[in-house]
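Note that the numbering used here has the sequence shown beginning at 241, numbered continuously upward.
Built from N, CA and C at the ideal position, the CB exists for glycine as well.
Quick caveat: nothing in here was measured; it's all calculated off a predicted structure.
To keep things clear, I will list the structure first and then write my remarks on it.
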Amino acid sequence: MTIKVILKLLVLLSCLLLVACISSKKMLKEDLEKGKKIAFTRNKGNCLACHVIADGELPGNLAPELKNIARRFKNPQQLRQFIWDASAFNAETIMPPFGKNKILNKQEIDVLVNYLWQL
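Right, dumping it as structure tokens:
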């Protein structure tokens, strides 16, 4: 291969990488918005019934403020398990088992976890 061909390939690869990053960032933003909607919707996550969340209106005060989630959970999977069934971690919790009771489906929980993890 000549230097010109290698340079053209590098430029093409750089452009493809840039497009992938932009698309990924847009998808991430859309997923975060979906997660926020689930958290704030009364007949879905309804996290605001018990928790304070930035930008949330009329938050509850029964549970901890939802911020710095990565400090409270080892990883997103642990947070996901907690949302799925918090009673597995604390038998006396008042938090509903969102997955176990089919309040949220697996995809909704995944989107919610992504949103909460970035808080």
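Item	Value
Run of the alpha helix (DSSP H) containing R312, from where it starts to where it stops	309-312
Rounded C-alpha distance that separates L306 from Y355	11 Å
For V351 and L288, the rounded distance between their alpha carbons	17 Å
K346 - containing alpha helix (DSSP H), residue span	346-357
Residues of its chain near G285, where Cβ-Cβ distance is below 6 Å and the 5 sequence neighbours each way are ignored	I278, A279, L352
Helix, strand or coil at G339 according to DSSP, with G and I counted as helix	coil
Contacting residues, own chain, Cβ-Cβ under 6 Å from D325 (five flanking each side not counted)	P337, K340
For C290, three-class secondary structure by DSSP	coil
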